Amino acid sequence: MNEAPLLSVRNLTVRFNTEEGIFDALRDISFDVRKGEITAIVGESGSGKSVTALSVLKLLPAAAQYLSGAILFNDSGDAPVDILSAGYGVVRKLRGSRISMIFQEPMTSLNPLVQCGEQVMEAIRLHEGRSNRDAREKTLELFRRVELPDPANMLERYPHQLSGGQKQRVMIAMAISCGPSLLIADEPTTALDVTVQKHILSLIKELQLQLQMGVIFITHDLGLVSEVADQVVVMYKGKIVEQGATKKIIADPAHPYTKALLACRPILHTPGTRLPMVSDFMEDEGTGNSNVVLKPIVKKDPAITSEKRTVLEVKNLRVWFPSKKNMLGKPISFNKAVDGVSFEMYHGETLGLVGESGCGKTTLGRAILRLADIHEGQILYKGRDLAGLGRQEMKPLRKEIQIIFQDPYSSLNPRMPIGIAIKETLEVYGFGKNHKEQEEKTVHLLEKVGLKGEHFNRYPHEFSGGQRQRIGIARALALDPAFMVCDESVSALDVSVQAQVLNLLDDLKKEYGFTTLFISHDLSVVHHVSDRIMVMNKGKIEEIGLASEIYHNPSSPYTQRLISAIPGASSMVYPGRERE
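The numbering of the sequence shown is my numbering, which starts it at 4 and goes up by one.
As structure tokens, then:
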């Protein structure tokens, strides 16, 4: 360990001058990254971890000022290069060749108008000066290396034709195309299925060992860190609060903020207990609260009571999409997204629906709401078959059947203040005698989900991801629904924000008494919130039963695989399970 670090960040302070004012995004941070090791930078959104990564490549916008510090890069054994003081030409040569980055959202990082193979070939031609033929051969080999299916075909595909995990593999291929010494992975698995996430993590670890790269792995989830990282740097409000060997940090965290990040994960808590939040551990910046008490929530399992009352009954439901048509435009083959699904839901229960992307769970949720066309089957809601209702007949039922979407930003009008978006729902269905009453109810709903009345006139872009999800919940609650579909409503949130939203949903469910279909790819979250769990695979139901039975004694190999892919499941002891 006496070898000089590959990357050494020293006393770095970064300030932003914005219309809202001046704030220091990074405050006097220092850490090292060594060759052949993975250093994880962990923290919530806004902690400064992505600003740190972008600073290494000097990719911050013009509003950023590097007030102090140095970023020393040394992969040659000669004098290190101070990236902060180096000229544009020097830094440009480092980017992509000796220092590469995998960005958080591959769909926005890849050019939608250019084939995936060409995007990787362009990087190879630019940095290595290879011919088109050589670049193509190398790209093909890279696609094989990152285990993309049918690599030759993938060269010709556009980003929208690939799944989330496949797009991320293309980004990894591009990042390692020139054999970098340092790889920066910025939240590379956020919102991916746990099984795809596990494959991506294994791939990054394998490539890191093969190429002996140093890796900066950015995440909000300490469970992921326990799987891949050698060293951990924990950031809070622009400062490093703790750093050291991963095993030591996970086993014995010293700072209350690190303890909070670990404690927020549902996998660590028995279903029915309230999830702790960062605010439970942090009284103020740098001060910990040691008197954290988990308050049990008394939950009644409607699936096993004698009073159970069927609210929804789905019978032999099929949702098929044409995948191939003949010359006359008639479908001759179908993508069977939902294929012969049958189940019941009971009044007041939460039924967790879990499975990988493409299994049909979102399509099933949308079909129940009649937001997707039904090929065959029945959807009996309180005895009435929704499958046979037209648009006008469905409209009155929309008041009591609502959905919370996965991405609240795309489901909100960016040009409309959030208060108006909620109030508009009340206006359409005639809630309230006048605009004043509707506005008062909107403010009440905002306060109910933990926001403020003064947020009424703010736009979606002015809120964080967790706040936007609260807005989506408030809008769904506006019409006092009896049935709610939560479609991956916490999958892209920080673990701490996820805990807040899950606690909020539980509180609101107790108050309003709605029945919930909770859709997610993460069995640890589903297990925590659900009374029963239904596992879906390739359009069919694998198994259904009480949450504890499915989670602890799954009968399907597919369910067992989902559970084994939960980050940190193999390395952490938690209530109800023994260390494997």
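Using N, Cα and C, we set each Cβ at its ideal position, and we do this for glycine too. None of the values given here were measured: they were computed from a predicted structure.
By a beta-carbon distance limit of 8 Å, Ile-544 does not contact Phe-324. Their separation comes to about 19 Å. Between the C-alpha atoms of Val-173 and Val-149 there is a straight-line separation of about 8 Å.
Taken in chain order, the complete beta strand (DSSP E) segments of 3 residues or longer contained in the stretch 215 to 295 are 217 to 222, 234 to 239, 242 to 248 and 285 to 287.
Collapsing the DSSP output to three states places Leu-143 in a helix.
Nearest to Met-539 by alpha-carbon distance, out of Ala-138, Ile-553 and His-531, is Ile-553.
The Cβ-Cβ distance between Leu-565 and Val-197 falls below 9 Å. Just so you know, the alpha carbons of Val-36 and Gln-563 end up roughly 36 Å apart. Ranked by how close their Cα comes to the Cα of Gln-171, the residues Glu-40, Ala-188, Asp-78 and Tyr-260 have Ala-188 in first place. Distances from the CA of Glu-457 to each of Asp-483, Glu-491, Pro-420 and Leu-480 were compared; the closest alpha carbon is that of Pro-420. Less than 9 Å divides the Cβ of Pro-109 from the Cβ of Pro-162.
Residue pairing of Ile-179 in beta bridges, as defined by DSSP: absent, with no partner found. Taking the Cβ atoms as the reference, Leu-60 lies roughly 6 Å from Arg-98, within the contact range of under 8 Å.
For a cut-off of 8 Å, the C-beta gap from Ser-499 to Leu-264 is around 7 Å, short enough to register as a contact.
Exclusion of the five residues before and after Pro-115 leaves Tyr-161, Pro-162 and His-163 as the residues of its chain whose Cβ lies within less than 8 Å of its Cβ. With respect to Phe-76, Leu-15 sits apart: the two C-beta atoms are not nearer than 9 Å.
Between Leu-507 and Ile-476 a beta carbon distance of about 7 Å is seen, short of the 8 Å cut, so the two are scored as contacting.
Contact annotation: Ala-232 and Thr-42 have beta-carbon atoms nearer than 9 Å.
Here Pro-334 is exposed. Its C-beta has fewer than 16 other C-beta atoms within 10 Å.
Listed in chain order, the non-local C-beta contacts of Leu-278 below 7 Å within the same chain comprise Cys-267, Pro-269, His-272, Ala-502, Leu-505 and Asn-506, local neighbours out to five positions each way being set aside.
For Asp-510, the closest of Asp-410, Val-532 and Val-493 by C-alpha to C-alpha distance is Val-532. Distance between Ser-523 and Tyr-69, taken at the CA atoms: about 41 Å. A direct Cα-to-Cα measurement between Leu-206 and Gly-435 gives close to 55 Å. Annotated three-state conformation of Gln-68 is strand, per DSSP. The continuous alpha helix (DSSP H) containing Val-94 extends over residues 91 to 97.
The Cβ atoms of Arg-478 and Ala-424 sit closer than 9 Å to each other. Exposure of Phe-26 is indicated by the presence of fewer than 16 other C-beta atoms within 10 angstroms of its C-beta.
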